[in-house]
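All remarks here apply to the structure that follows.
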Amino acid sequence: MYIGVDLGSRTVKMAVWDGERLVEHRIEPSGFEPHRQAEKMIADYRAKVVVATGYGRHLAAEHFADAVITEIKAHACGIFHEFPGCATIVDVGGQDSKVISLDAAGRVSNFQMNDKCAAGTGRFLEIMAASLAYTLEEFGAAALATDREVQINSMCTVFAESEVISMKNRGIAREEIARAVHSSVADRLAGMLARLGHGEVVAFSGGVARNPCMVELLEKRLPRVRVRVPELPDITGALGAALHGAGM
Amino acid sequence: MATEFEIKPYPELWASLDMDVPRFDKARLMLGEAYAKTYLSQTKRPVGMAYFDNMVAEIHGGRIQELLAAKAEGRPVIGTFCVYIPEEIVLAAGGICVGLCGGSQGSVPDAEKILPRNICPMVKSAFGFKAGRICPYFQAVDFVYGETTCDAKKKTWELLDTMVPTYVMEIPQLKRQRDLDLWLAEVKDFKTKVEEVAGKTITETDLAAAVKIMNNKRKALQRLNSLRHHNPAPISGKDGLLIEQIAFYDEPVRFTGKVNALCDELEERIKAGVAVPTKNAIRVMVAGTPMALPNWKIHNLVEGAGAVIVNEESCIGTRYFKDLIDENATTMDNMLVALTDRYKEIDCSCFTPNDERITQVIKEFRDSHAQGIINYSLQFCHTYNIEEIRIRQACEREKIPYLFIESDYSAEDVGQLQTRIEAFLEQIGE
Chain A
510 MYIGVDLGSR
520 TVKMAVWDGE
530 RLVEHRIEPS
540 GFEPHRQAEK
550 MIADYRAKVV
560 VATGYGRHLA
570 AEHFADAVIT
580 EIKAHACGIF
590 HEFPGCATIV
600 DVGGQDSKVI
610 SLDAAGRVSN
620 FQMNDKCAAG
630 TGRFLEIMAA
640 SLAYTLEEFG
650 AAALATDREV
660 QINSMCTVFA
670 ESEVISMKNR
680 GIAREEIARA
690 VHSSVADRLA
700 GMLARLGHGE
710 VVAFSGGVAR
720 NPCMVELLEK
730 RLPRVRVRVP
740 ELPDITGALG
750 AALHGAGM
Chain P
17 MATEFEIKPY
27 PELWASLDMD
37 VPRFDKARLM
47 LGEAYAKTYL
57 SQTKRPVGMA
67 YFDNMVAEIH
77 GGRIQELLAA
87 KAEGRPVIGT
97 FCVYIPEEIV
107 LAAGGICVGL
117 CGGSQGSVPD
127 AEKILPRNIC
137 PMVKSAFGFK
147 AGRICPYFQA
157 VDFVYGETTC
167 DAKKKTWELL
177 DTMVPTYVME
187 IPQLKRQRDL
197 DLWLAEVKDF
207 KTKVEEVAGK
217 TITETDLAAA
227 VKIMNNKRKA
237 LQRLNSLRHH
247 NPAPISGKDG
257 LLIEQIAFYD
267 EPVRFTGKVN
277 ALCDELEERI
287 KAGVAVPTKN
297 AIRVMVAGTP
307 MALPNWKIHN
317 LVEGAGAVIV
327 NEESCIGTRY
337 FKDLIDENAT
347 TMDNMLVALT
357 DRYKEIDCSC
367 FTPNDERITQ
377 VIKEFRDSHA
387 QGIINYSLQF
397 CHTYNIEEIR
407 IRQACEREKI
417 PYLFIESDYS
427 AEDVGQLQTR
437 IEAFLEQIGE
């Protein structure tokens with residue numbers, strides 16, 4: 510068994526690879542001690558190699574992991590396995606968003622990652638959903654249900670929240686604001702993709718890829734590009750780490 | 017060793033300089049801890065680094081006493097912020113030129129009580145050091161000589177002048193003949209100002225001697241840089257950067273001797289095959305904005321991940337020492353022309369066009385046998401931030417692995433930067 514654990518800013522993900530296929534996966538909240546959470550999650554498996562990735566990767570290596578790789582490399586491994594030949598990945602996680610370019614062999618050839626703020630990340634969407642009193646599931650669905658759009662100008666989470674509050678208080682419909690929030694993130698991702706360049710297929714990984722509105726809006730901004738989402742977008746990094754452990 | 021290190025306290029000296037002593041003493045302890053953690057934890061350090069460790073230990077005392085002793089003899093002490101201010105002229109008048117503090121997050125809140133938040137961290141930090149009375153160099157100087165290399169500095173001088181006399185040299189932003197003529201006139205004004213404060217007229221002999229001192233200092237730093245280019249590297253990038261930082265406050269002749277002694281040791285190390293940190297460490301070159309003491313953020317992350325930095329294309333780096341002044345000029349006028357000719361070779365991004373810098377970055381990449389370039393820009397430094405695009409395009413053209421980082425002095429983005437830097441090293445290593 511090869512285990513990959515992705516100690517992310519919001520959740521810990523685990524993927525178990527038996528040498529041929531993904532046999533198990535789990536997602537749990539990171540909590541205060543993400544490495545203990547991760548240790549608990551892998552306790553039931555007899556692992557040959559444990560590879561850690563994500564923000565807590567070095568902490569995991571201090572406690573139990575055999576090797577570490579960055580989440581950038583982990584997503585590259587995970588996506589290249591899922592979609593061989595894919596040259597571009599957009600990964601939107603809890604704390605950051607990344608665009609990764611792969612060469613023909615699946616190696617990282619270039620990448621871009623957001624700077625220190627939460628702009629364009631899963632956390633940004635969470636905060637905006639909360640300020641509109643939506644659950645995350647409702648948030649994406651509501652945004653998808655309308656095509657009327659207002660413009661959100663700020664990408665700063667703090668300023669965007671006050672922008673959303675002032676929109677609410679101008680009487681703008683909730684779903685229109687929801688759509689505007691999604692659009693602003695999609696614009697930012699499209700901008701990062703344009704800066705780095707991309708192929709005809711763009712894989713979308715990370716928890717935010719489960720949001721159907723994000724996928725649709727991103728695809729709309731990329732003419733002649735197919736946006737593909739893996740079956741389990743959240744565990745792409747963990748899977749990539751497991752595959753790396755298996756020498757793939 | 018790490019536990020024994022401390023930055024030496026000089027409370028009476030600081031009080032005599034009207035500093036905020038209790039607060040500064042806390043800053044001293046924090047800097048000492050950061051230094052021990054960042055520097056003294058390194059393995060395989062050259063013996064010759066002991067001198068530079070001591071320069072850090074004496075940064076707030078021993079060196080300040082030297083400055084005050086010079087002042088007592090009537091020699092001017094002038095603070096600067098830019099490699100365009102000609103140190104030779106200060107030296108020729110018997111004075112001392114020091115680069116002022118501006119590399120720490122600690123003084124930023126002092127500045128933000130007055131200055132806008134969304135400006136360059138170096139400008140904020142420097143201004144805050146003076147406003148908070150927490151930099152002995154700022155307290156010791158006769159005056160500050162600023163320049164017009166960026167808008168943030170240019171407008172901050174007006175405010176700084178209310179706390180310490182601040183003069184401004186206009187640095188043109190193009191390099192046509194009429195711009196160079198203006199620059200030469202500015203250099204002459206600077207000379208007049210320095211002479212006035214020193215109470216002496218600079219002779220050709222004085223200036224020739226000062227040019228020689230500065231050329232020797234630059235040659236020593238060039239020698240160190242080319243030794244760092246050896247593969248495997250005989251010294252860490254952190255140590256290399258530290259020496260480049262100390263170059264801005266140490267006495268130049270002594271400093272030159274110590275750098276040359278270190279270079280002798282590095283040559284021996286190369287013969288003996290010493291590799292820092294390891295033989296196959298990934299080699300990275302840094303380009304961009306200056307990293308003022310104690311800004312070791314990027315070097316710490318890169319070398320913490322097992323790689324080595326082998327070159328800084330920066331004002332605290334090659335831009336400070338890559339060019340020499342022609343020593344053959346004889347009359348004062350010709351000497352000042354030769355001096356200005358050398359200074360105009362500095363390829364700061366404040367100039368337009370600035371194609372020389374793009375070429376220079378690629379040249380230094382090749383010379384240093386680096387495997388990738390990290391282009392570093394301070395937040396809100398518009399000219400370096402925009403010039404980044406041309407550096408990136410050049411790297412794409414030359415197929416050079418490239419990472420751009422925009423950051424300030426705070427620790428809040430260290431997690432993201434660590435991920436980006438490690439991913440960059442993975443990319444190079446594959």
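For the protein sequence lines, the chains are A and P, in the order given. Residues 510 to 757 (this note's numbering) are what the first sequence spells out, left to right. Residues 17 to 446 (this note's numbering) are what the second sequence spells out, left to right. Idealized CB from N, CA, C, for every residue including glycine.
Contact list for the segment 567-582 of chain A against chain P, Cβ threshold 9 Å:
Correct list: 567, 577, 578, 579, 580, 581 and 582.
Coil, strand or helix - residue 663 of chain A by DSSP
Numbered from 1 along the first sequence, position 154 holds the residue referred to as residue 663 of chain A. In this structure, residue 663 of chain A counts as coil in the three-state DSSP scheme.
Name, in chain order, the residues that DSSP records as bridge partners for residue 735 of chain A.
Taking the first residue of the first sequence as position 1, residue 735 of chain A is located at position 226. BP columns for residue 735 of chain A point to A:710.
In chain A, which residues lie less than 9 Å from residue 414 of chain P when you measure between Cβ atoms?
For this step, residue 414 of chain P is matched to residue 398 along the second sequence. Neighbours of residue 414 of chain P on chain A: none; closest Cβ ~14 Å, over 9 Å.
Who are the neighbours of residue 616 of chain A on chain P, taking C-beta pairs under 8 Å?
Position 107 of the first sequence, counted from the first residue, corresponds to residue 616 of chain A. Counting only Cβ-Cβ distances below 8 Å, residue 616 of chain A has contacts in chain P at 443 and 446, in chain order.
Quick check: is the beta carbon of residue 622 of chain A nearer than 9 Å to any beta carbon in chain P?
Position 113 of the first sequence, counting from 1, holds the residue named residue 622 of chain A. At least one CB of chain P lies nearer than 9 Å to the CB of residue 622 of chain A.
Could you tell me the alpha carbon to alpha carbon distance between residue 367 of chain P and residue 209 of chain P, rounded to whole angstroms?
Taking the second sequence and counting its residues from 1, the one referred to as residue 367 of chain P is at position 351. Taking the second sequence and counting its residues from 1, the one referred to as residue 209 of chain P is at position 193. If I take the Cα positions, the gap works out to 26 Å.
With a cut-off of 9 Å, does the C-beta of residue 604 of chain A fall near any C-beta of chain P?
Translated into positions along the first sequence, residue 604 of chain A becomes position 95. Under the Cβ criterion of 9 Å, residue 604 of chain A is counted among the residues facing chain P.
When you compare only the Cα positions, how much space is there between residue 292 of chain P and residue 228 of chain P?
The residue given as residue 292 of chain P occupies position 276 in the second sequence. The residue given as residue 228 of chain P occupies position 212 in the second sequence. Using only the alpha carbons, I get a separation of about 33 Å.
Using the beta-carbon count (16 or more within 10 Å), is residue 34 of chain P buried or exposed?
Locating residue 34 of chain P in the second sequence gives position 18, where the first residue counts as 1. Flag for residue 34 of chain P reads exposed.
Determine which residues of the segment 426-438 of chain P have a Cβ less than 7 Å from any Cβ of chain A, and write them out in chain order.
So the list reads 428, 429, 431, 432, 435, 436 and 438, given in the order they occur along the chain.
Three Cβ pairs or more, each shorter than 8 Å: is that satisfied between the segment 94-102 of chain P and the segment 76-86 of chain P?
Counting Cβ pairs under 8 Å, fewer than three are found: no touch.
Give me the DSSP bridge partner(s) of residue 184 of chain P.
Locating residue 184 of chain P in the second sequence gives position 168, where the first residue counts as 1. Paired residue(s): P:162.
Beta-carbon within less than 7 Å of residue 726 of chain A's beta-carbon, same chain only, minus the 5 sequence neighbours each way: which residues are those?
For the purposes of this step, residue 726 of chain A is taken as the residue at position 217 of the first sequence. The beta carbon of residue 726 of chain A sits closer than 7 Å to the beta carbons of 691, 692 and 695 from its chain, once the five residues preceding and following it are set aside; these are given in chain order.
Which complete alpha helix (DSSP H) runs does the segment 169-257 of chain P hold, if anything under 4 residues is left out?
Counting only runs of 4 or more, we get 193-214 and 220-244.
Determine which residues share a DSSP beta bridge with residue 492 of chain P and list them.
This structure cannot settle anything about residue 492 of chain P, because the visible part of chain P is limited to 17 through 446.
For residue 161 of chain P and chain A, any beta-carbon pair shorter than 9 Å?
On the second sequence, residue 161 of chain P is found 145 positions in, with the first residue counted as 1. No, residue 161 of chain P lies away from the interface with chain A (no Cβ there is under 9 Å from its Cβ).
Quick one: grab the DSSP three-state call for residue 35 of chain P.
As a working mapping, residue 35 of chain P is identified with position 19 in the second sequence. Here residue 35 of chain P carries a coil assignment [DSSP, helix/strand/coil].
Using CA atoms only, rank isn't needed, just tell me which of A:722, A:755, A:734 and A:735 is closest to residue 634 of chain A.
As a position in the first sequence, residue 634 of chain A is number 125, starting the count at 1. The candidate whose alpha carbon is nearest that of residue 634 of chain A is A:722.
Label residue 661 of chain A either buried or exposed according to how many other C-beta atoms from any shown protein chain fall within 10 Å of its C-beta, with 16 as the threshold for buried.
Here residue 661 of chain A refers to the residue found at position 152 of the first sequence. So residue 661 of chain A counts as buried.
Is there at least one Cβ from chain A nearer than 9 Å to residue 183 of chain P's Cβ?
Taking the first residue of the second sequence as position 1, residue 183 of chain P is located at position 167. Answer no: the Cβ-Cβ gap between residue 183 of chain P and chain A never drops below 9 Å.
Verify the CB distance criterion: does residue 554 of chain A have a CB-CB separation below 9 Å to chain P?
Position 45 of the first sequence, counting from 1, holds the residue named residue 554 of chain A. Residue 554 of chain A does not count as touching chain P.
Per the contact definition of three or more C-beta pairs closer than 8 Å, is the segment 236-253 of chain P in contact with the segment 211-223 of chain P?
Under the three-pair Cβ rule at 8 Å, the segment 211-223 of chain P does not count as touching the segment 236-253 of chain P.
The alpha helix (DSSP H) spanning residue 690 of chain A covers which residue range?
Here residue 690 of chain A refers to the residue found at position 181 when the first sequence is read from its first residue. For residue 690 of chain A, the uninterrupted alpha helix (DSSP H) segment begins and ends at 683-705.
Assuming residue 607 of chain A is part of the alpha helix (DSSP H), what are its boundary residues?
Here residue 607 of chain A corresponds to residue number 98 of the first sequence, with the count starting at 1. Per DSSP, residue 607 of chain A lies in no alpha helix (DSSP H); the unbroken beta strand (DSSP E) holding it starts and ends at 606-611.
Between residue 587 of chain A and residue 714 of chain A, is the Cβ-Cβ spacing less than 9 Å?
Within the first sequence, residue 587 of chain A is the residue found at index 78, counting from 1. Within the first sequence, residue 714 of chain A is the residue found at index 205, counting from 1. Between residue 587 of chain A and residue 714 of chain A, the C-beta gap is smaller than 9 Å, which places the two residues in contact.
Cβ shell of residue 613 of chain A (< 7 Å), same chain only, five flanking positions each side left out
Here residue 613 of chain A refers to the residue found at position 104 when the first sequence is read from its first residue. Sequence-distant partners of residue 613 of chain A (beyond 5 residues in either direction) whose C-beta falls short of 7 Å from its own C-beta are missing from its chain.
Suppose contacts are defined by Cβ-Cβ distances below 9 Å. Is residue 603 of chain A in contact with residue 649 of chain A by that definition?
Taking the first residue of the first sequence as position 1, residue 603 of chain A is located at position 94. Taking the first residue of the first sequence as position 1, residue 649 of chain A is located at position 140. Going by C-beta atoms, residue 603 of chain A is not nearer than 9 Å to residue 649 of chain A.
Other residues of its chain near residue 558 of chain A: CB distance less than 6 Å, five sequence neighbours each side excluded
Residue numbering aside, residue 558 of chain A sits at position 49 when the first sequence is read from its first letter. 511, 575 and 754, listed in sequence order.
Contact set between residue 564 of chain A and chain P, taken where Cβ atoms lie within less than 8 Å
The sequence position of residue 564 of chain A within the first sequence is 55, counting from 1. Residues of chain P passing the Cβ test: 431 and 435.
To the nearest angstrom, how far is it from the Cα of residue 246 of chain P to the Cα of residue 417 of chain P?
Here residue 246 of chain P refers to the residue found at position 230 of the second sequence. Here residue 417 of chain P refers to the residue found at position 401 of the second sequence. Each residue's Cα considered, the two are about 20 Å apart.
Quick test of your reading: residue 757 of chain A and residue 432 of chain P, contact by CB under 8 Å. State the CB separation rounded to the nearest angstrom.
For the purposes of this step, residue 757 of chain A is identified with residue 248 of the first sequence, where counting begins at 1. For the purposes of this step, residue 432 of chain P is identified with residue 416 of the second sequence, where counting begins at 1. Contact flag wrong, Cβ pair sits at about 27 Å.
Using DSSP with H/G/I as helix, E/B as strand and the rest coil, what is residue 385 of chain P?
The residue you call residue 385 of chain P lines up with position 369 of the second sequence. Assigned with DSSP and collapsed to three states, residue 385 of chain P falls in coil, not helix or strand.
Does the pairing of the segment 389-408 of chain P with the segment 590-601 of chain A give three or more beta-carbon distances under 8 Å?
The segment 389-408 of chain P vs the segment 590-601 of chain A: no contact.
Take residue 50 of chain P and list the residues in its own chain whose beta-carbon comes closer than 7 Å to its own, dropping the five residues that flank it on each side.
Position 34 of the second sequence, counting from 1, holds the residue named residue 50 of chain P. Closer than 7 Å at Cβ, skipping near neighbours: 310.
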